[in-house]
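Residue numbers (our numbering), protein chains in the order written: chain R, 4 to 117; chain C, 336 to 449.
Rendered as structure tokens:
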């Protein structure tokens with residue numbers, strides 16, 4: 004258990020509404036990531052952060068923004084949700100180990116955009 | 336071509352069987368390799384790292400073939416509890432300014448039948 008929580012765990016919203024997902028970690032890890040997981044696509048990186056106020060885009064960043072004002076919290080915002088953003092969203096933190104850097108994931112948020 | 340490719344399965348095997356999954360990766364400069372396990376509606380969890388010389392963890396054996404750019408996972412004496420999706424994960428060589436992101440395969444689904 005890497006001390007990662009996500010909230011909310013489930014959310015149903017309507018097209019055009021803003022949505023913010025929260026990832027919280029308790030172990031002071033520098034790197035944090037947001038992924039989405041869809042059938043047939045696997046895990047795809049949306050945005051990542053390498054420190055407070057330091058963020059960068061991943062491969063599927065369009066329509067998403069992030070913020071990290073504290074080490075422990077990484078927020079993902081859908082400014083105007085669309086049905087194509089219906090997905091399962093996972094947050095992860097990076098841990099360095101003998102075999103290389105690995106990532107540990109939060110429990111996920113299931114988002115449905117109607 | 337996807338950076339990491341896996342046979343999606345599903346693999347349906349009887350309890351006690353031996354099953355093997357393969358995964359190929361396109362970036363020859365990739366540095367480290369992992370297998371993750373994901374249970375239905377749960378987050379991915381690290382199963383094991385893959386070392387150049389091959390490594391074993393109980394009933395699980397991981398192999399790396401750098402020349403052919405593939406990774407394998409062998410599960411012996413399959414248990415019902417091994418039913419899950421297995422994700423092949425590659426950590427490419429870090430480039431300047433990158434966050435050493437992991438690249439995930441789409442996963443291979445395994446069902447162990449009684």
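The beta carbon of each residue, even a glycine, is placed where N, CA and C say it ideally should be.
- When the Cα atoms are used, residue 414 of chain C and residue 444 of chain C turn out to be separated by approximately 14 Å.
- Excluding its 5 nearest sequence neighbours in each direction, residue 441 of chain C has C-beta neighbours in its own chain below 7 Å: 341, 343, listed in chain order.
- In this structure, residue 424 of chain C lies away from residue 362 of chain C, with their beta-carbon atoms at least 9 Å apart.
- Under the criterion of beta carbons closer than 8 Å, residue 373 of chain C and residue 422 of chain C qualify as touching, at roughly 6 Å.
- Comparing alpha-carbon positions, the option among C/365, C/350, C/377, C/357 lying closest to residue 93 of chain R turns out to be C/377.
- Residues of chain C whose Cβ lies closer than 8 Å to the Cβ of residue 108 of chain R are, in chain order, 378, 379, 380.
- Shown here for residue 22 of chain R: same chain residues with a beta carbon closer than 6 Å to its own, the five before and five after excluded, namely 16, 81, 84 in chain order.
- Between residue 55 of chain R and residue 74 of chain R, the CB-CB gap stays under 9 Å.
- Our two residues, residue 408 of chain C and residue 45 of chain R, have alpha carbons roughly 18 Å apart in a direct line.
- When the five nearest sequence neighbours on each side are left out, the beta carbons in the same chain lying within less than 8 Å of the beta carbon of residue 6 of chain R are those of 28, 29, 30, in order along the chain.
- Here residue 59 of chain R is not near residue 67 of chain R, since their CB atoms are 9 Å or more apart.
- Restricting attention to R/51, R/99, R/40, R/34, the CA atom closest to the CA of residue 379 of chain C is found in R/40.
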